[in-house]
Amino acid sequence: MTNSLTDLRRDVEDFLYSEAKMLDEQRYDEWLDLFTEDVHYWMPITETREVRQHRDHVPGEWSLMEEDARFLAKRMERLAGGLAHSEQPRSRTRRFISNVLVTPGPDGDLVAECNFIVFQSRRANSEQFFVGSRRDRIVTSGESWKIAERTVLFDHRVLPRAISIFF
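In my numbering, each number is its position in the sequence shown, counted from 1, plus 477.
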């Protein structure tokens, strides 16, 4: 880890790229190790509203997924053990992370925002893309970083299929 903002952004980009590769290669145990024990992993439902009806997303409201470390571990256990029926056969995925912005927080934590495209292929006629943005709060844990919060926002009005993968 380094101190200059440019070096910091580059280091965070490398961290996020490595995380994406872990998921694409189905290295779930390594991926889970990137999260704090009290992580909040959240995919709120994005509503299409008129401009004057804008409101922020609030945790605890309707969401596609709202998980803690224990539930993330259970999901990963199901995926790794072949018990996730929605992942039979397993998906092939490729994640693209871009437009990474890093803001240092007051307590030494970081806020990393990025855009993503995830390609998912399962069967001969089952291919789709998921597009959206993420906001992570990253904290220092010893000599490495861990993700303490992740918010995933999809750009889709209607998702192309049920979500059986992670973002």
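Note that the Cβ used here is the ideal one computed from N, Cα and C, for glycine as well. The model shown is predicted, which means the values in this text are computed figures rather than measured ones.
By Cβ distance, which residues of its chain are closer than 7 Å to S501, with the 5 residues on each side in sequence left out? As a first step, residue 501 must be located in the sequence shown, where it is residue number 24. For clarity, residue 501 is Asp in the given sequence; the question names Ser instead. Apart from the 5 residues on each side of it in sequence, D501 sits with its Cβ closer than 7 Å to the Cβ of T570, R571, R572 in its chain, given in chain order.
Within the continuous alpha helix (DSSP H) that includes E590, where are the two ends? The residue you call residue 590 lines up with position 113 of the sequence shown. Per DSSP, E590 belongs to no alpha helix (DSSP H); it is in the beta strand (DSSP E), 587-598.
If contact is defined by three or more beta carbon pairs under 8 Å, each pair taking one atom from either stretch, is the segment 498-516 in contact with the segment 599-607? As far as the Cβ criterion goes, the segment 599-607 does not touch the segment 498-516, which means the pair count is below three.
Compare the beta carbon distance of V516 and E626 with 9 Å and say whether it is the shorter of the two. Here the question's residue 516 lines up with position 39 in the sequence shown. Here the question's residue 626 lines up with position 149 in the sequence shown. Cβ atoms of V516 and E626: closer than 9 Å.
For W622 and D488, I'd like the C-alpha separation in whole angstroms. Locating residue 622 in the sequence shown gives position 145, counting from the first residue. Locating residue 488 in the sequence shown gives position 11, counting from the first residue. So the two alpha carbons sit approximately 10 Å from each other.
Just reading off the alpha helix (DSSP H) that A550 is part of, what are its end residues? As a working mapping, residue 550 is identified with position 73 in the sequence shown. Here the alpha helix (DSSP H) through A550 covers 546-557.
So for T523, helix, strand or coil by DSSP? Your numbering for residue 523 matches position 46 in the sequence shown. T523: coil per DSSP, three-state reduction.
Using a Cβ-Cβ cutoff of less than 7 Å, which residues in the same chain neighbour R505 once the five nearest sequence positions on both sides are dropped? Within the sequence shown, numbered from 1, the residue matching residue 505 stands at position 28. Note that residue 505 corresponds to Tyr in the displayed sequence, not to Arg. Hits under 7 Å: M553, L556, A557.
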